[in-house]
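Notes follow once the structure below has been shown.
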Amino acid sequence: MNEFIDLKISEYFSREYRSVSKDEGKAKIAIRQTLTILVNTANNVIRMARDNDGIEIKFIIDTAGEPLKPATSHKTTWGYDAGIEIGFIHLLYNKVEHVAKEHGRAYDPVAFVIMACLTAIGHEFAHSLKGHFARAATALGERVAPLEENEADRRGGEGSLAGLLNRKNCELLAQYTRVSQPNDIVEAAFVGHWLLAATIADYERDEKLYAPAEQRAAMFNIGFIKASLSVKHLKPHDTFLSFLEAREIARKISKELFGSSVERGGLPGLEDAIKGFAPDIIERIQARSVETYAASPFNRASTDQGPGEAHCIRVQEPSPPLNKRSRGFWKLLQWRPRPR
């Protein structure tokens, strides 16, 4: 796998027209790290889709050097293709290349890129797994496509967590970015969602098909929260505290990420998302999440580990209520596999 990824990266960097980073060596490393986790995730989804649903999916790494073409998917004669453009990963990396100090954490901001890309490819897998391509376009008139895009956004948010229901990916994320604590992964996910929504908002998109940045970011976040509740039954106050932490990180780095966007109030959609996000929204999401575990392929833990070894995210007893100053409140998750 490593040789295949290295070949694709070499193809991309050999192109005359592509994004350029201040430190090309670090950019290559970040792209390689992101692709490694994406390929692991794709392999799990591909096996799951084939074994559980009889759906054939092929994961494509595109090297055309088109940063404005993010993750894509389409139906083929034998199944579905879903893939991501290296140029898009490079574009995301360039946005976080200079924010190491501003975001105020010990972990590498490349984590934001990885989480954004997991969400993006999760969105595309959802189109294939949830039958979006098979639905008649005239079934509900003009509402069909937007509804399907919204559903894919939500399931993309689920995918940003589901990609880590794999011991190897957990270890790689910690190795690559020093994200090893549960609060760090949740913070990185929320910031990654805003990074993704704000970046693709700059594209020329069909407004009848795609929602505004703030709505897309909200759907990413809702999907992530639903997956967290289904897998871990995460306490609402813990998730909300992490959201507040992520909000502050996003505000700190927004000028570095999107200089022109600061004039519009920071990361696109951030303030609007904050206005509509209160602790009780997580409880409302939990009340509506009964169908998620059964219906969503993303909520079935799929790993490449042997028999008797489960994924590395582990349930513990709920933690007591915590104040805002607490930095040791994350005891719901534990980064090690269950005993065999």
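In full-length UniProt numbering, the protein residues as written are 1 to 340. Using N, Cα and C, we set each Cβ at its ideal position, and we do this for glycine too.
Check: Where Arg-18 and Glu-24 are concerned, what is the direct C-alpha to C-alpha distance, given to the nearest angstrom?
Finding: On the sequence shown, residue 18 is found 18 positions in, with the first residue counted as 1. On the sequence shown, residue 24 is found 24 positions in, with the first residue counted as 1. When rounded, the distance between both Cα atoms is 12 angstroms.
Next item on the list: Measure the beta-carbon distance from Glu-124 to Ala-82 and round it to whole angstroms, keeping in mind my assumption that it falls under 8 angstroms.
Entry: As a position in the sequence shown, residue 124 is number 124, starting the count at 1. As a position in the sequence shown, residue 82 is number 82, starting the count at 1. Contact holds; Cβ gap of about 4 angstroms.
Next item on the list: Would you kindly report the start and end of the unbroken beta strand (DSSP E) that includes Ile-60?
Entry: Here the question's residue 60 lines up with position 60 in the sequence shown. Element bounds for Ile-60: 57-62.
Check: Which whole-angstrom value describes the C-beta separation of Ala-126 and Leu-196, a residue pair presumed to lie in contact below a C-beta threshold of 8 angstroms?
Finding: As a first step, residue 126 must be located in the sequence shown, where it is residue number 126. As a first step, residue 196 must be located in the sequence shown, where it is residue number 196. Ala-126 to Leu-196, Cβ: 14 angstroms. No contact.
Next item on the list: Below 8 angstroms CB to CB, which residues in the same chain sit around Glu-11 once its five sequence neighbours on both sides are set aside?
Entry: Taking the sequence shown and counting its residues from 1, the one referred to as residue 11 is at position 11. Counting only Cβ-Cβ distances below 8 angstroms, and skipping sequence neighbours, we find Thr-63.
Next item on the list: Say whether the region 80-99 touches the region 176-185, bearing in mind that this needs 3 or more beta-carbon pairs closer than 8 angstroms, one atom from each stretch.
Entry: no
Check: Between Thr-76 and the rest of its own chain, which residues show a CB-CB distance below 8 angstroms, the 5 nearest in sequence each way excluded?
Finding: Reading the sequence shown from its first residue, position 76 is the one you call residue 76. Lys-58.
Check: Looking at the unbroken beta strand (DSSP E) that takes in Thr-199, where does it start and where does it end?
Finding: Along the sequence shown, one-based indexing puts residue 199 at 199. Run containing Thr-199: none in the beta strand (DSSP E); it sits in the alpha helix (DSSP H), 182-200.
Notebook entry, point to check: Looking at C-beta atoms only, is the number of pairs between the region 32-49 and the region 166-174 that lie closer than 8 angstroms three or more?
Noted result: yes
Margin query: For Gly-83, report the span of its alpha helix (DSSP H) as first-last.
Written below: The count along the sequence shown starts at 1 and reaches residue 83 at position 83. It is not in any alpha helix (DSSP H) - Gly-83 instead sits in the beta strand (DSSP E) that spans 80-85.
Note to self: Spatial neighbours of Thr-239 within its chain, please: C-beta separation below 8 angstroms, excluding the five flanking residues on both sides.
What the structure shows: In the sequence shown, the residue the question calls residue 239 occupies position 239. Correct list, in chain order: Val-186, Ile-225, Ser-228 and Ile-282.
Notebook entry, point to check: What number of angstroms, rounded off, separates the C-alpha of Asn-94 from the C-alpha of Ala-27?
Noted result: Within the sequence shown, residue 94 is the residue found at index 94, counting from 1. Within the sequence shown, residue 27 is the residue found at index 27, counting from 1. Taking the straight line from one Cα to the other gives about 8 angstroms.
Item checked: Between the CA atoms of Asn-150 and Asn-221 - distance to the nearest angstrom -> By 1-based counting over the sequence shown, the position of residue 221 is 221. By 1-based counting over the sequence shown, the position of residue 150 is 150. Whole-angstrom Cα-Cα distance: 12 angstroms.
Item checked: Asp-51, buried or exposed, once every other Cβ within 10 Å from all chains shown has been counted against 16 -> Start at 1 with the first residue of the sequence shown, and residue 51 comes out as number 51. With fewer than 16 other Cβ atoms within 10 Å, it is exposed.
Next item on the list: Compare the Cα-Cα distances from Gly-163 to each of Ala-217, Met-115, Phe-13 and Tyr-210 and report the closest residue.
Entry: For the purposes of this step, residue 163 is taken as the residue at position 163 of the sequence shown. Taking only the C-alpha atoms, the option nearest Gly-163 is Met-115.
Margin query: For Ala-42 and Glu-148, what's the separation of their Cα atoms in angstroms?
Written below: Along the sequence shown, one-based indexing puts residue 42 at 42. Along the sequence shown, one-based indexing puts residue 148 at 148. Going by the C-alpha atoms only, they are around 21 angstroms apart.
Check: Which value, in whole angstroms, describes the spacing of the CA atoms of Leu-91 and Val-191?
Finding: Position 91 of the sequence shown, counting from 1, holds the residue named residue 91. Position 191 of the sequence shown, counting from 1, holds the residue named residue 191. Cα to Cα, the separation comes out at about 16 angstroms.
Next item on the list: Name the two residues that bound the continuous alpha helix (DSSP H) containing His-74.
Entry: On the sequence shown, position 74 is the one that residue 74 refers to. Taken as a continuous stretch (DSSP letters only), His-74 belongs to no alpha helix (DSSP H), being part of the beta strand (DSSP E) at 72-75.
Next item on the list: Would you decide whether His-193 is buried or exposed? Buried here means 16 or more other CB atoms lie within 10 Å of its CB.
Entry: Against the sequence shown, residue 193 aligns to sequence position 193. Label assigned to His-193: buried.
Notebook entry, point to check: What is the residue span of the alpha helix (DSSP H) that Glu-3 lies within?
Noted result: Locating residue 3 in the sequence shown gives position 3, where the first residue counts as 1. Start and end: 2-13.
Margin query: DSSP three-state label for Asn-52, please.
Written below: Translated into the one-based positions of the sequence shown, residue 52 becomes position 52. Of the three classes helix, strand and coil, the one that applies to Asn-52 here is helix, per DSSP.
Checklist line | As assigned by DSSP and simplified to three states, the class of Tyr-93 | finding: Here residue 93 corresponds to residue number 93 of the sequence shown, with the count starting at 1. Tyr-93 falls in the helix class under three-state DSSP.
Item checked: Whole-angstrom distance between Glu-85 and Lys-69, CA atom to CA atom -> Here the question's residue 69 lines up with position 69 in the sequence shown. Here the question's residue 85 lines up with position 85 in the sequence shown. Their Cα atoms are separated by approximately 6 angstroms.
Notebook entry, point to check: Is it right to say Asp-108 is buried, meaning 16 or more other beta carbons lie within 10 angstroms of its own, or is it exposed?
Noted result: Within the sequence shown, numbered from 1, the residue matching residue 108 stands at position 108. By the neighbour-count rule (16 or more Cβ atoms within 10 Å), Asp-108 is buried.
Check: Taking C-beta to C-beta, are Val-99 and Thr-177 nearer than 9 angstroms?
Finding: Stepping through the sequence shown from its first residue, residue 99 is reached at position 99. Stepping through the sequence shown from its first residue, residue 177 is reached at position 177. Not closer than 9 angstroms, so no.
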